[in-house]
Amino acid sequence: MRAMVLHQPGQPLVAEERPDPTPGPGEVRIRVLACAVCRTDLHLVDGELPPGGLPRIPGHEIVGCIDMLGPGAEGLRLGQRVGVAWLGHNCGMCESCCSGRENLCDQAGFTGYTRDGGYATHIVAEARHCYPLDHLAWPPERIAPLMCAGLIGWRAYKFAGPARRLGLYGFGAAAHLLIQVARAQGREVYAFTRPGDEASQAHARELGACWAGGSDEAPPQPLDAAILFAPVGSLVPTALAAVRKGGRVVCGGIHMSDIPGFPYRLLWGERQLMSVANLTRQDGHEFLALIRRIPVQADVQLYPLEDANRALDDLRAGRVRGAAVLKP
1 MRAMVLHQPG
11 QPLVAEERPD
21 PTPGPGEVRI
31 RVLACAVCRT
41 DLHLVDGELP
51 PGGLPRIPGH
61 EIVGCIDMLG
71 PGAEGLRLGQ
81 RVGVAWLGHN
91 CGMCESCCSG
101 RENLCDQAGF
111 TGYTRDGGYA
121 THIVAEARHC
131 YPLDHLAWPP
141 ERIAPLMCAG
151 LIGWRAYKFA
161 GPARRLGLYG
171 FGAAAHLLIQ
181 VARAQGREVY
191 AFTRPGDEAS
201 QAHARELGAC
211 WAGGSDEAPP
221 QPLDAAILFA
231 PVGSLVPTAL
241 AAVRKGGRVV
251 CGGIHMSDIP
261 GFPYRLLWGE
271 RQLMSVANLT
281 RQDGHEFLAL
291 IRRIPVQADV
301 QLYPLEDANR
311 ALDDLRAGRV
321 RGAAVLKP
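Residue 1 is where the sequence shown starts when you use the UniProt record's numbering, and the numbers rise one by one after that.
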C-alpha cells in the first residue's frame, strides 16, 4: 500500500510503500476512498500533541470499502462502504465505558494517532468502530469531513444546549457543517473568524449566518451559547464576555493554546465553560441519522494522497474553504 507517514513532529510526512496490512481478530481492512484532513492532524504533525507512537500514518476522517474481514469481525460484509472516525478503540470495561462515556476511556485508541490512519490506500480498523454508510449515496469526498468535523462537532453542538443565538468561533470544517444543522433547526448563527478574513465571513453568510465578523469583534447581541473550534485560548474570555448570563461556552478541540487569566465577572452569572473530549459511537450514529433529514453539504478541496503536506500547509495558513480531503 501507499502511505504518507509521520516520522518526526515538525518534519514533512514521507511517502512510503508498505505491505498491505492484515486485519486481526475483530478487525477489517478497508480500501480508502477519501480521508479528510483535520486540524488534529496538524496538531500531531506540528508537535502540539504528545506523540502517540512513531512512525505513524495520520488521518481519522475516513471513507472506504471493506476488502478483507478478520477472524470474528461481525456485522459488516466485504465490499461494504464504511466510515472510520477518531475513536478507534475502547476497552468496554472501565467505569467510563460502563457509564456510557467511552470517549473518556483511559485505554482508548485513536485513529491516526495511536493507530495508523487514513493517509494511505488501506487501513485496518476495529469492526465495532466502523460506521456503515449504506444509507448515504453521496461521493466519499463529501462524506469524509463528516467523520470528525461533523461527528465531534455534533457532540459540541449538543453540549451547547438549546441555544437560539449560537456563536461559532473559527469558521472551518466543523463550523461550516454545523451552521447548516443549526439553520435547519431555526437557530441564529453568529460566525467569528480570524480578524480580516473576509472570505470566511462571506462563506458563513452564504451558509446562513445572520452576522459574521472577526473574533476581535463583539456580536450585535448577547449569545445563548458559543462553540470554540479555533485552538486559541485567548478566545475563551472573549466568548464568555459574548454570552448572556446562564450562557455556555464549549471548547470543541483536542488542543488549545493556554487560556489567559480573566476576571471572575466573565464567568459569574452562572455562565458555564466546558470541553468536549473525543466522541462516542452513539454520537456518530445520531449524526449520521440526522443528515438523512438534513442533507449537510461539505465544501471540499481535493488533494492527491501524495499532496498531504500541501493540504496540511493550506490548512495551517487558513487557505482551505470548508475541508481539505485526500483521495488515494
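A virtual CB, placed ideally from N, CA and C, is assigned to each residue, including glycine.
Checklist entry - What residues in its chain sit with their C-beta under 6 Å from that of I152, if we drop five residues either side in the sequence? => result Taking the sequence shown and counting its residues from 1, the one referred to as residue 152 is at position 152. For I152, where only same-chain residues beyond five positions count, the Cβ hits under 6 Å are L279.
Checklist entry - With a cut-off of 8 Å, do at least 3 Cβ pairs link the stretch 99-108 to the stretch 77-85? => result no
Next on the checklist: Given a cut-off of 8 Å on the beta-carbon distance, is the pair G252 and I291 in contact?
Outcome noted: Position 252 of the sequence shown holds residue 252. Position 291 of the sequence shown holds residue 291. Result no, Cβ atoms of G252 and I291 do not sit closer than 8 Å.
Checklist entry - By the 10 Å Cβ neighbour count, where 16 or more other Cβ atoms means buried, how is Q11 classified, buried or exposed? => result For the purposes of this step, residue 11 is taken as the residue at position 11 of the sequence shown. By the 10 Å Cβ count, Q11 comes out exposed.
Checklist entry - CB Q201 to CB A212, shorter than 8 Å? => result Translated into positions along the sequence shown, residue 201 becomes position 201. Translated into positions along the sequence shown, residue 212 becomes position 212. Yes; because the gap between Cβ atoms is below 8 Å, this pair is in contact.
Checklist entry - Considering R281, what are the terminal residues of the alpha helix (DSSP H) in which it resides? => result Counted from its first residue, the sequence shown places residue 281 at position 281. Unbroken alpha helix (DSSP H) run through R281: R281 to R293.
Checklist entry - Are G64 and R31 closer than 8 Å when you measure CB to CB? => result For the purposes of this step, residue 64 is taken as residue 64 along the sequence shown, with counting starting at 1. For the purposes of this step, residue 31 is taken as residue 31 along the sequence shown, with counting starting at 1. Cβ distance < 8 Å, so G64 and R31 count as in contact.
Next on the checklist: Under 7 Å: does the beta carbon of G196 sit that close to some heavy atom of the ligand ATP?
Outcome noted: Of the ligands one can find in the structure shown there are none, so the ligand ATP has no counterpart to examine.
Checklist entry - Expressed to the nearest angstrom, what Euclidean distance is found between the alpha-carbon atoms of G59 and R183? => result Taking the sequence shown and counting its residues from 1, the one referred to as residue 59 is at position 59. Taking the sequence shown and counting its residues from 1, the one referred to as residue 183 is at position 183. Answer to the nearest angstrom: the Cα atoms are 29 Å apart.
Next on the checklist: Only counting the same chain, and skipping five residues up and downstream in sequence, which positions put a Cβ closer than 6 Å to that of L168?
Outcome noted: Start at 1 with the first residue of the sequence shown, and residue 168 comes out as number 168. Here the set comprises A175, A191 and I227.
Item to check | Supposed close pair L305, R2 - CB separation, criterion 8 Å | outcome: Translated into positions along the sequence shown, residue 305 becomes position 305. Translated into positions along the sequence shown, residue 2 becomes position 2. Indeed, because the Cβ distance is near 6 Å, the residues count as touching under 8 Å.
Checklist entry - Are the CB atoms of C38 and A149 nearer to each other than 8 Å? => result Position 38 of the sequence shown, counting from 1, holds the residue named residue 38. Position 149 of the sequence shown, counting from 1, holds the residue named residue 149. Against a cut-off of 8 Å, the Cβ pair of A149 and C38 comes out as a contact.
Checklist entry - Going by alpha carbons, who is nearest to G234 out of G247, V249 and S257? => result Within the sequence shown, numbered from 1, the residue matching residue 234 stands at position 234. Per the sequence shown, the amino acid found at residue 234 is Ser instead of Gly. Closest by alpha carbon: S257.
Next on the checklist: Using DSSP's beta-bridge definition, name the partner residues of R56.
Outcome noted: Against the sequence shown, residue 56 aligns to sequence position 56. As DSSP reads the structure, R56 sits in a beta bridge with L6.
Checklist entry - In three-state DSSP terms, what is A137? => result Locating residue 137 in the sequence shown gives position 137, where the first residue counts as 1. Here A137 sits in coil by DSSP.
Checklist entry - Do R81 and L133 have their CB atoms nearer than 8 Å? => result Residue mapping note: residue 81 aligns to position 81 of the sequence shown, counting from 1. Residue mapping note: residue 133 aligns to position 133 of the sequence shown, counting from 1. Taking 8 Å as the Cβ cut-off, R81 and L133 qualify as a contacting pair.
Item to check | Three-state class that DSSP yields for A163 in the structure shown | outcome: For the purposes of this step, residue 163 is identified with residue 163 of the sequence shown, where counting begins at 1. Note: A163 maps to coil in three-state DSSP.
Checklist entry - The beta strand (DSSP E) with I179 in it runs from where to where? => result Mapped onto the sequence shown, residue 179 falls at position 179. Note, I179: premise wrong, no beta strand (DSSP E); alpha helix (DSSP H) at A173 to A184.
Checklist entry - Would you call the stretch 308-322 and the stretch 271-285 in contact, with 3 or more CB pairs under 8 Å? => result no
Checklist entry - Just curious, the beta strand (DSSP E) that P304 is in, first and last residue? => result For the purposes of this step, residue 304 is identified with residue 304 of the sequence shown, where counting begins at 1. In the DSSP annotation of this structure, the continuous segment of the beta strand (DSSP E) that includes P304 starts and ends at V300 to P304.
Checklist entry - What three-state label does DSSP hand P145 in the structure shown? => result Start at 1 with the first residue of the sequence shown, and residue 145 comes out as number 145. If DSSP states are grouped into helix, strand and coil, P145 belongs with the helices.
Checklist entry - Which partner residues does G109 have in the DSSP bridge list? => result If you number the sequence shown from 1, residue 109 lands on position 109. Answer is H89.
Checklist entry - Taking C-beta to C-beta, are A144 and A34 nearer than 8 Å? => result Reading the sequence shown from its first residue, position 144 is the one you call residue 144. Reading the sequence shown from its first residue, position 34 is the one you call residue 34. Yes; because the gap between Cβ atoms is below 8 Å, this pair is in contact.
Item to check | Residue environment, V14, which counts as buried when at least 16 other CB atoms sit within 10 Å | outcome: Taking the first residue of the sequence shown as 1, we reach residue 14 at position 14. Exposed, because fewer than 16 other Cβ atoms sit within 10 Å of the Cβ of V14.
Next on the checklist: Measuring alpha carbon to alpha carbon, tell me which residue in R194, V325, L166 and Q8 is nearest G247.
Outcome noted: As a working mapping, residue 247 is identified with position 247 in the sequence shown. When each option's Cα is compared against that of G247, the closest is L166.
Checklist entry - How would you label S215, buried or exposed, when you count the other beta carbons within 10 angstroms and need 16 or more for buried? => result Locating residue 215 in the sequence shown gives position 215, where the first residue counts as 1. Buried: at least 16 other Cβ atoms inside 10 Å.
Next on the checklist: Considering only DSSP beta bridges, list what C251 is partnered with.
Outcome noted: Position 251 of the sequence shown, counting from 1, holds the residue named residue 251. DSSP, once it has assigned bridges, lists L228 and S275 as partnering C251.
Checklist entry - Can you name the start and end residues of the beta strand (DSSP E) that V14 belongs to? => result Here residue 14 refers to the residue found at position 14 when the sequence shown is read from its first residue. From DSSP, the beta strand (DSSP E) with V14 extends over V14 to E17.
Next on the checklist: Here's the rule I'm using: 16 or more other beta-carbon atoms within 10 Å means buried, otherwise exposed. How should L44 be labelled?
Outcome noted: Start at 1 with the first residue of the sequence shown, and residue 44 comes out as number 44. So L44 counts as buried.
Item to check | Closer than 8 Å to chain D by CB, H7 | outcome: Annotation note: the requested chain D is absent from the structure, which comprises a single protein chain.
Checklist entry - Taking the C-alpha atoms as reference points, what is the distance between L273 and D46? => result In the sequence shown, the residue the question calls residue 273 occupies position 273. In the sequence shown, the residue the question calls residue 46 occupies position 46. Taking the Cα positions, L273 is about 27 Å away from D46.
Next on the checklist: Please state the DSSP three-state secondary structure of A218.
Outcome noted: Numbered from its first residue, the sequence shown carries residue 218 at position 218. In this structure, A218 counts as coil in the three-state DSSP scheme.
Next on the checklist: Please state whether the Cβ-Cβ distance between T121 and G53 is less than 8 Å.
Outcome noted: The count along the sequence shown starts at 1 and reaches residue 121 at position 121. The count along the sequence shown starts at 1 and reaches residue 53 at position 53. The answer is no: Cβ separation not under 8 Å.
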